[in-house]
Amino acid sequence: MNEVSLATRLQAALQRRRAPRTTSFFEFWPGYIFYAPVALFWIAQAIRYRSITLPALCNPRIEAGGICGESKTDILLQVTDPGREWIAPFVGITTLGAPGGEHTGMAEAAMREAKLTYPIVAKPDMSCNGAGVRVIHDRASLAAYLAEFPRATRLQLQKLVTDEGEAGIFYMREPGATNGRITSITLKYPPTVTGDGLQNIKALIEADARLRAVSAILLPKLGAMAASVPAAGEAVQLVFVGNHCRGSTFKDGRHLATDALTARIDAIARSIPDFHFGRFDVKFSNVAALRQGEGFRIIEVNGAGSEATHIWDPETSIVEAYRTQFFHYGSAFRIGAAMRANGVKRYGVAKLLRAWLQQRALMARYPTND
Numbered sequence: 063m064n065e066v067s068l069a070t071r072l073q074a075a076l077q078r079r080r081a082p083r084t085t086s087f088f089e090f091w092p093g094y095i096f097y098a099p100v101a102l103f104w105i106a107q108a109i110r111y112r113s114i115t116l117p118a119l120c121n122p123r124i125e126a127g128g129i130c131g132e133s134k135t136d137i138l139l140q141v142t143d144p145g146r147e148w149i150a151p152f153v154g155i156t157t158l159g160a161p162g163g164e165h166t167g168m169a170e171a172a173m174r175e176a177k178l179t180y181p182i183v184a185k186p187d188m189s190c191n192g193a194g195v196r197v198i199h200d201r202a203s204l205a206a207y208l209a210e211f212p213r214a215t216r217l218q219l220q221k222l223v224t225d226e227g228e229a230g231i232f233y234m235r236e237p238g239a240t241n242g243r244i245t246s247i248t249l250k251y252p253p254t255v256t257g258d259g260l261q262n263i264k265a266l267i268e269a270d271a272r273l274r275a276v277s278a279i280l281l282p283k284l285g286a287m288a289a290s291v292p293a294a295g296e297a298v299q300l301v302f303v304g305n306h307c308r309g310s311t312f313k314d315g316r317h318l319a320t321d322a323l324t325a326r327i328d329a330i331a332r333s334i335p336d337f338h339f340g341r342f343d344v345k346f347s348n349v350a351a352l353r354q355g356e357g358f359r360i361i362e363v364n365g366a367g368s369e370a371t372h373i374w375d376p377e378t379s380i381v382e383a384y385r386t387q388f389f390h391y392g393s394a395f396r397i398g399a400a401m402r403a404n405g406v407k408r409y410g411v412a413k414l415l416r417a418w419l420q421q422r423a424l425m426a427r428y429p430t431n432d
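Residue numbers (the working numbering): 63 to 432.
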């Protein structure tokens, strides 16, 4: 009996060890703790290359190389053929200097010119981590969003891509090289509950190990919706923004980096003048099509300040996470150094600080995100 009991306990222990993790132990550390080694690495690279802002030269046509303060719309406008056909349709507008209903008419006129129809996605032109991003279903919701948005500030309206798949594809190319490569792919899964017709959304969250771990993030956003009871089998997506710090689950998708997908992303990246380092955020129809470099739309292009986000896969070790961070930011300094040697002018520290402060101030004023 004791032998059976011991064997049973050992088997159960092995199953627990093999069970996939719901969160990594560092996933929700405060940023100043997780990024402290990254900051020290950045300083070490700055000493080595004699410039703390050198990564800003990776993509010299983008403000600060995409470290911060860059315009989402201006980046997408730089995409030329053959890359343009892969971009989800969009239009950039600037709110007027004073509040008023004319904002909605102006926005809808811009939508008509860009052949955009509801539903759309509204997003600040300058932001990160999904701040201020919201799905707009009709004129009333557009008016409400614009009423909350800062005056005399740019935003982007983009076609809502309804494909369920979402991924972040990190790309880099050495200056002068003919081809670049994919160094990271992250598959993003928004937090979702499936109703049983009995429990409310809050109870369903508490019954899910992953969602329970991020309930402090989800429940304040859901408000009264948390008390609603979904029908049996009804899937309810809890947030729209595909960001791990807002509850989404990230999975390492580097195995999807086929030759076909690499060739497609490389062609798109090379259609952006002087673009060498950054992440393409895409929506895709299915994994098989994505592997063939087909069936996706780019919703955003991020520069030197972006991450290889597969590090937030719960199965990724902290050693691998830092190895990935150091590899990518080390590459950013190396590419920046090559661009400097090619005659690209340095990006000043004071200028970078002003861009960061401006972005931070604006993000504090944006509407809440979905």
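Ideal Cβ placement from N, Cα and C applies to all residues, glycine included.
As the crow flies, the alpha-carbon of THR157 is around 5 Å from that of ALA214. Per DSSP, the beta bridge partners of GLN299 are THR254. Under the three-pair Cβ rule at 8 Å, the stretch 317-332 does not count as touching the stretch 88-100. The stretch 379-403 is shown to contain whole alpha helix (DSSP H) runs of 4 or more residues at 380-403, in chain order. Going by DSSP, PRO99 is part of the alpha helix (DSSP H) stretching over 98-111. For the pair ALA288 and GLY194, the Cα-to-Cα distance works out to about 21 Å. Taking a contact to require three or more Cβ pairs closer than 8 Å, the stretch 310-325 and the stretch 119-130 do not qualify as touching. Contact check for PHE211 against PRO376 fails: the beta carbons are separated by 8 Å or more.
In summary, ALA229 is buried, with 16 or more beta-carbon neighbours lying within 10 Å of its beta-carbon over all protein chains present.
With respect to the 8 Å criterion, ALA205 and ARG196 are not classified as neighbours on the basis of their beta carbons.
By the C-beta density criterion, PHE87 is exposed, having fewer than 16 other C-beta atoms within 10 angstroms. Membership of ARG326 in the alpha helix (DSSP H) is indicated by the continuous run 321-332.
Taking C-beta separations shorter than 6 Å and ignoring five residues to either side along the sequence, the partners of LEU281 in its chain run ALA288, following chain order. Under the three-pair Cβ rule at 8 Å, the stretch 305-317 counts as touching the stretch 372-387.
In the DSSP assignment, GLN261 falls outside any beta strand (DSSP E) and carries neither an H nor an E. Considering only ARG416, GLY410 and PHE395, the residue with the shortest C-alpha distance to ALA106 is PHE395.
ASP314 is bridged by DSSP to THR248. In the DSSP annotation of this structure, ARG341 is not part of any alpha helix (DSSP H); the continuous beta strand (DSSP E) holding it starts and ends at 339-346. Annotated three-state conformation of LYS177 is coil, per DSSP. As the crow flies, the alpha-carbon of LYS407 is around 12 Å from that of PRO117. For TYR233, the enclosing beta strand (DSSP E) stretches over residues 227-234.
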